[in-house]
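K.L.:
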Amino acid sequence: MLKPEMIAKLNEQITAEMYASNLYLQMSAWCEEQGLSGAAAFFRQHVPEELSHRDKFIDYLIECDAPVTVGAVAAPPTEFKNLVDVINKAFEHELKVTALINAMAEMALDFKDFNTFNMLQFFIAEQREEEVLFRGILDQVKLVAFKGETGEAMYLINQYLQRLATTHSH
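Start counting the sequence shown at 0; every next residue gets the next number (numbering that gives the first Met the number 0).
1. Which residues in the same chain have their Cβ closer than 6 angstroms to the Cβ of T68, if we skip the five residues on either side of it in sequence?
2. Count the other C-beta atoms from every protein chain shown that fall within 10 angstroms of the C-beta of R53, then say buried if there are 16 or more, exposed otherwise.
3. Could you tell me the boundaries of the alpha helix (DSSP H) in which F122 lies?
4. Alpha carbon to alpha carbon, what distance is there between A98 and A65?
5. Mapping the DSSP letters down to three states, classify D84 as helix, strand or coil.
6. Over what stretch of residues does the alpha helix (DSSP H) that includes A28 continue unbroken?
7. Rounded to the nearest angstrom, what separates K111 and F133 at their Cα positions?
8. Roughly how far, in whole angstroms, is the beta-carbon of A104 from the beta-carbon of L119, given that I think they are within contact range, below 8 angstroms?
9. How about C63 and N117: are their beta carbons less than 9 angstroms apart?
10. Output needed for I100: all residues of its chain with C-beta closer than 7 angstroms, excluding positions within five of it in sequence on either side, in chain order.
11. Let me know if I156 comes out buried or exposed under the rule of 16 or more other beta-carbons within 10 Å of its beta-carbon.
12. Excluding the five sequence neighbours on either side, which residues of its own chain have a C-beta within less than 8 angstroms of the C-beta of L108, listed in chain order?
13. How close, in whole Å, do the beta carbons of T14 and V83 come, if the pair is a contact with beta carbons under 8 angstroms?
14. Can you grab the Cα-Cα spacing for the pair A28 / A39, in whole Å?
15. In whole angstroms, what is the alpha-carbon distance linking L60 and L24?
16. Hey, quick one: how far does the alpha helix (DSSP H) through F41 stretch, first residue to last?
17. DSSP on A89, reduced to helix/strand/coil?
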């Protein structure tokens with residue numbers, strides 16, 4: 000039986016995953032508006048992944064015979080300075096999600112809720128993968144000295160993100 004505090008955290012994560020989906024969708028749309036089709040494809044690819052994470056939390060609560068509460072989802076930002084800003088904000092978001100998942104895992108251990116702790120292992124591994132992915136992108140940004148301006152560096156990063164969109168499946 001899940002403790003009420005754990006149920007609350009799991010339900011909050013459902014909303015967080017929905018926000019992540021909307022954030023990546025908005026980032027994709029912004030990239031399209033800027034003519035950055037490679038970056039747009041990369042961020043669009045993250046949308047169904049975040050929704051599948053939402054569904055995993057919902058399914059887990061249902062399996063545990065716990066109530067599912069879908070909260071209101073805040074609107075993501077719609078304006079970004081440039082592509083570097085988008086990438087940095089995506090990375091910052093993934094770090095926040097990692098902190099949320101780790102806090103839930105810690106709570107599960109404190110409660111000796113080993114089933115929830117076990118379920119969260121998927122997300123712990125997933126977050127590590129996302130952090131490595133975005134660190135790699137930021138490494139490429141530094142490598143080509145991309146500061147967000149139009150030109151060859153932007154073209155190279157857009158192409159790099161396009162390659163990731165076609166080779167990096169979640």
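Ideal placement from N, C-alpha and C gives every residue a C-beta, glycine not left out.
P.N.:
Taking the structure as given:
1. N10
2. buried
3. Unbroken alpha helix (DSSP H) run through F122: 113 to 142.
4. 23 angstroms
5. helix
6. 3 to 32
7. 33 angstroms
8. 5 angstroms
9. no
10. L119, F122, I123, Q126
11. buried
12. The residues are F116.
13. Incorrect: roughly 28 angstroms between the Cβ atoms, too far for contact.
14. 7 angstroms
15. 26 angstroms
16. 36 to 62
17. helix
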